[in-house]
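Here's the structure we're looking at; comments come further down.
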Amino acid sequence: MSADREAEVRLRLADAHARLLATGETYTRSEGGRAPERSEMFRQAQNDIHAAEQARNRLLVELVGDADKVPVELAERLGLTGREAVHIVTTARTGSQRMRAHVLGEQSDTEATRPVWTSETDPER
0 MSADREAEVR LRLADAHARL LATGETYTRS EGGRAPERSE MFRQAQNDIH AAEQARNRLL
60 VELVGDADKV PVELAERLGL TGREAVHIVT TARTGSQRMR AHVLGEQSDT EATRPVWTSE
120 TDPER
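In this text, residue positions in the sequence shown follow numbering that gives the first Met the number 0: the first is 0, and each later residue adds one.
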């Protein structure tokens with residue numbers, strides 16, 4: 000069961016990265032040191048990557064549960080380093096509400112975040 004969910008999250012993240020690269024704007028430079036104007040498709044791809052990373056982070060926290068250590072094999076399967084995985088789990092347990100909102104996609108008191116995709120809310124399923 001969790002292997003299916005891991006594959007689903009990895010696929011979603013890879014698709015979002017592919018959409019970002021498909022815009023052709025990834026390595027665009029502009030004059031004067033300012034970031035170039037990005038298309039709506041590029042901004043949407045960035046948002047999709049962030050939402051996919053949040054879904055991956057929530058899955059990691061769920062799979063680790065109350066364990067004191069994050070299995071390195073699990074972190075690697077999800078495309079994370081050990082340090083990244085520990086940061087995510089620590090943030091989920093002790094981080095500020097704003098940090099949890101950014102890392103896990105939870106609602107923040109100070110700013111509304113858009114709903115994050117999960118396998119249960121996927122309209123295509």
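Ideal Cβ positions, reconstructed from N, Cα and C, are used throughout, including at glycine.
It should be emphasised that the depicted structure is a prediction, and the values quoted were computed from it without experimental measurement.
(request) Give the straight-line distance between the Cα atoms of Val69 and Tyr26, rounded to the nearest whole angstrom. (result) 34 Å
(request) Might you give, ordered along the chain, the residues of its own chain that have their beta carbon closer than 8 Å to the beta carbon of Gly152, omitting 5 neighbours on each side? (result) Residue 152 is absent from the structure shown; the chain starts at 0 and stops at 124.
(message) With distance defined between alpha-carbon atoms, name the residue in Leu59, His101, Thr22 nearest to Arg76.
(response) Leu59
(message) Can you tell me whether Leu20 is helix, strand or coil according to DSSP?
(response) helix
(request) Taking the CB atoms as reference points, tell me whether Val102 and Gly94 lie closer together than 9 Å. (result) Yes, these two residues count as a Cβ contact at 9 Å.
(request) Run the CB neighbour count on Gln96, radius 10 Å, all protein chains shown included, and call it buried at 16 or more, exposed below. (result) exposed
(request) Rank His49, Gly23, Ser38 by C-alpha distance to the C-alpha of Ala15 and give the top, closest one. (result) Closest by alpha carbon: His49.
(request) Could you tell me if Arg33 is buried or exposed, where buried requires 16 or more neighbouring beta carbons within 10 angstroms of its beta carbon? (result) exposed
(request) Compare the C-alpha of Ser38 against each of Gly64, Leu73, Leu20 and name the closest. (result) Leu20
(request) Apply the 10 Å Cβ neighbour rule to Val63 and answer buried if 16 or more other Cβ atoms are within range, or exposed otherwise. (result) buried
(message) Would Pro35 and Arg42 qualify as a contact pair, given that the criterion is a beta-carbon distance under 9 Å?
(response) no
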